[in-house]
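Just so we're aligned, residue -10 is where the sequence shown starts under the numbering used here, counting upward by one.
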Amino acid sequence: MKQQLICTFLGENRTGLLSQLAKAVNAAGCNILDSRQANFGTDFSLTMIIEGHHPEITKAEISLPALSSELELLSLLKRTKAHAKQNIEHLLSLEFSGPDTPGLLEKVSVFLSSHSASINALRQKSSSVDDSENVRCKIVVSIPDDLDVDAFSTTTKRFFDSLCLTCTITDKHHINWSE
-10 MKQQLICTFL
0 GENRTGLLSQ
10 LAKAVNAAGC
20 NILDSRQANF
30 GTDFSLTMII
40 EGHHPEITKA
50 EISLPALSSE
60 LELLSLLKRT
70 KAHAKQNIEH
80 LLSLEFSGPD
90 TPGLLEKVSV
100 FLSSHSASIN
110 ALRQKSSSVD
120 DSENVRCKIV
130 VSIPDDLDVD
140 AFSTTTKRFF
150 DSLCLTCTIT
160 DKHHINWSE
């Protein structure tokens, strides 16, 4: 029976890191099921889930931290099971702006979660204008295919209105995997 291992790497972004890590995963006899990479300033974060039989996962657990040390990266590994692919077939872009208030992102994330929308990416910028803090935020969310997008958009705009925020929603990320 195959097992999965979540691998997270953090460090200075340099050319070739991803290929070296992928090569090590392959050398251990594992497959990369899914991965996410983000760049923050001069640093990067990479999280991937790999799969293999018990001996291959054990080999990866030994070889990846050694390679991470050699590449001057921090690493964290954790065994997991029953990986299900993330729904990325239907993505929406949300952009909102207005007064920044404590707990704003918490309220937004709770609202989205209550409507089965998962945050895939988030970028926020705060600024001061006339002694008041303002926020501008872009979020990409994945939604279930059976969610009524028009009803969700209406409900979402009402929610942002209640927070005195302006919101636009763009539905341009529907992917048809059958083509």
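Cβ coordinates follow ideal geometry from the N, Cα and C atoms, glycine included. Since the structure is predicted, the reported quantities are computational estimates derived from the model, not experimental observations.
(message) Taking the straight line between their C-alpha atoms, what separation do you get for Ala27 and Asn109?
(response) As a working note, residue 27 is residue 38 in the sequence shown. As a working note, residue 109 is residue 120 in the sequence shown. Taking C-alpha positions only, Ala27 is separated from Asn109 by approximately 11 Å.
(request) Determine the closest residue to Leu(-6) out of Ile21, Ser8 and Glu1, with distance taken between C-alpha atoms. (result) What you label residue -6 is simply residue 5 of the sequence shown in a count that begins at 1. With respect to the C-alpha of Leu(-6), the residue from Ile21, Ser8 and Glu1 having the closest C-alpha is Ile21.
(request) Measure the C-alpha to C-alpha separation of Asp135 and Ser98 and round it to an integer number of angstroms. (result) Working through the sequence shown from its first residue, we reach residue 135 at position 146. Working through the sequence shown from its first residue, we reach residue 98 at position 109. Taking the CA atoms as reference points, Asp135 sits about 20 Å from Ser98.
(request) Name the two residues that bound the continuous alpha helix (DSSP H) containing His43. (result) As a position in the sequence shown, residue 43 is number 54, starting the count at 1. His43 to Glu59 is the extent of the alpha helix (DSSP H) around His43.
(request) Give the straight-line distance between the Cα atoms of His79 and Lys161, rounded to the nearest whole angstrom. (result) Here residue 79 refers to the residue found at position 90 when the sequence shown is read from its first residue. Here residue 161 refers to the residue found at position 172 when the sequence shown is read from its first residue. In a straight line, the C-alpha of His79 is about 9 Å away from that of Lys161.
(request) Tell whether a beta-carbon distance below 8 Å holds between Ser52 and Ala17. (result) Here residue 52 is taken as the residue at index 63 of the sequence shown, counted from 1. Here residue 17 is taken as the residue at index 28 of the sequence shown, counted from 1. Contact: yes.
(message) According to DSSP, is Leu66 part of a helix, a strand, or is it coil?
(response) In the sequence shown, the residue the question calls residue 66 occupies position 77. DSSP places Leu66 in strand when its eight states are reduced to three.
(message) Short of 7 Å in beta carbon distance, which residues of its chain neighbour Asp120, apart from the five on each side in sequence? Order them along the chain.
(response) For the purposes of this step, residue 120 is identified with residue 131 of the sequence shown, where counting begins at 1. Setting aside the 5 residues that flank it on each side, Asp120 has no residue in the same chain whose C-beta is closer than 7 Å to its C-beta.
(message) Does the stretch 81 to 90 come into contact with the stretch 144 to 163, if we say contact requires no fewer than three beta-carbon pairs (one atom in each stretch) closer than 8 Å?
(response) Touching, yes.
(request) Rank Gly30, Lys(-9) and Cys(-4) by C-alpha distance to the C-alpha of Pro44 and give the top, closest one. (result) The residue labelled residue 44 in the question sits at position 55 within the sequence shown. When each option's Cα is compared against that of Pro44, the closest is Lys(-9).
(message) Suppose you measure from the CA of Thr31 to the CA of Leu6; what does that come to, to the nearest Å?
(response) On the sequence shown, residue 31 is found 42 positions in, with the first residue counted as 1. On the sequence shown, residue 6 is found 17 positions in, with the first residue counted as 1. Each residue's Cα considered, the two are about 13 Å apart.
(message) With the cut-off set at 8 Å, would you say Cys(-4) and Leu66 are in Cβ contact?
(response) One-based indexing of the sequence shown puts residue -4 at position 7. One-based indexing of the sequence shown puts residue 66 at position 77. Result yes, Cβ atoms of Cys(-4) and Leu66 sit closer than 8 Å.
(message) Taking 8 Å as the threshold (C-beta atoms), are Arg112 and Cys126 in contact?
(response) Here the question's residue 126 lines up with position 137 in the sequence shown. Here the question's residue 112 lines up with position 123 in the sequence shown. Contact flag set, yes.
(message) Using the three-state DSSP reduction, which class does Asp32 fall into: helix, strand or coil?
(response) Within the sequence shown, the letter at position 43 stands for residue 32. Correct three-state label for Asp32: strand.
(message) Quick check on this structure: which residue in Met37, Lys48 and Glu1 has the alpha carbon closest to the alpha carbon of Ala11?
(response) Reading the sequence shown from its first residue, position 22 is the one you call residue 11. The residue among Met37, Lys48 and Glu1 with its C-alpha nearest the C-alpha of Ala11 is Met37.
(message) What residue range does the beta strand (DSSP E) around Asn109 cover?
(response) Taking the first residue of the sequence shown as position 1, residue 109 is located at position 120. Its beta strand (DSSP E) spans residues Ser107 to Val118.
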